[in-house]
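Read through the structure below, which is laid out as structure tokens, and then see the notes.
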Amino acid sequence: MHYSPTIVQFAGFASNQTALALSLITSGLNVIGTVISMRFVDRYGRRKLMIISMVGIITCLVVLPVVFFQAAAHAPRIGNLESTHFGSNSTCPAYVSAPNPASWYCMTCLKAQCGFCANCVSAYAPGACVASNDGLKKACAGEHCVWYTKGCPSKVGFFAVILLGLYIIIYALGMGTKPWIVNSEIYPLRFRGTCGAVEGLLQ
1 MHYSPTIVQF
11 AGFASNQTAL
21 ALSLITSGLN
31 VIGTVISMRF
41 VDRYGRRKLM
51 IISMVGIITC
61 LVVLPVVFFQ
71 AAAHAPRIGN
81 LESTHFGSNS
91 TCPAYVSAPN
101 PASWYCMTCL
111 KAQCGFCANC
121 VSAYAPGACV
131 ASNDGLKKAC
141 AGEHCVWYTK
151 GCPSKVGFFA
161 VILLGLYIII
171 YALGMGTKPW
181 IVNSEIYPLR
191 FRGTCGAVEG
201 LLQ
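The opening position of the sequence shown corresponds to residue 1 in UniProt numbering, with each subsequent residue numbered one higher.
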């Protein structure tokens, strides 16, 4: 949950404001999952909810990398004309010296510590790979294009956000709340405070 804004940006939402807003929504889902957990914990039992939660968490954590892999595989390519649009000295140095720049795409550009200025007409069309600095970021925004440094434009980005939200609800349903409940129940009263503090520290 703490890394939600970064994960959202990896999913292709370049705007910090958008990433923060979406991460706040996913944080709100934690509350929903906790309320659901409170309602069903005595009806279905701790063990069953923890098993359901663990299976759901594993499923989400397996599917999420697949979504990111698909996003990277279908990332926009780098256009030579677009990259030199801001001036030959502005083009990403690694792109200029690359033996096969035609094979570059958005993720290659970002891995080279450069910035990707998306195509102004379509974010999924070839864009510019330029040096990552504030001047070029402003120049990109000045042409009403979107600047990317953490993730690439993606048609599957919403799936990543949905999976993140689902993960948080499932986590809150079992693994986020049940350890606290179980720890408060299994220790003798005289050790409960100390053991609860140790459990909180380890979690």
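Even glycine gets a Cβ: it sits at the ideal position worked out from N, Cα and C.
| query | result |
| --- | --- |
| Cβ shell of alanine 139 (< 6 Å), same chain only, five flanking positions each side left out | Phe86 |
| Whole-angstrom distance between asparagine 119 and alanine 141, CA atom to CA atom | 11 Å |
| The region 126 to 134 / the region 72 to 84 touching (three or more Cβ pairs under 8 Å) | yes |
| Neighbourhood of leucine 163 by C-beta distance below 8 Å, restricted to the same chain and skipping five residues each side | Cys60, Val63, Leu64 and Val67 |
| Sequence ranges, beta strand (DSSP E) only - wholly within the region 3 to 53, length at least 3 | none |
| Classification of tryptophan 104 by the beta-carbon crowding that lies within 10 angstroms, buried from 16 upward | buried |
| Stretch pair the region 104 to 116 + the region 148 to 159: three plus CB contacts closer than 8 Å | yes |
| Run of the beta strand (DSSP E) containing phenylalanine 116, from where it starts to where it stops | 114 to 117 |
| C-alpha gap between phenylalanine 116 and arginine 190, whole angstroms | 59 Å |
| Any non-hydrogen atom of the ligand ZN within 7 Å of serine 88 CB | Absence of the ligand ZN is noted for the structure shown, with no ligands found whatsoever. |
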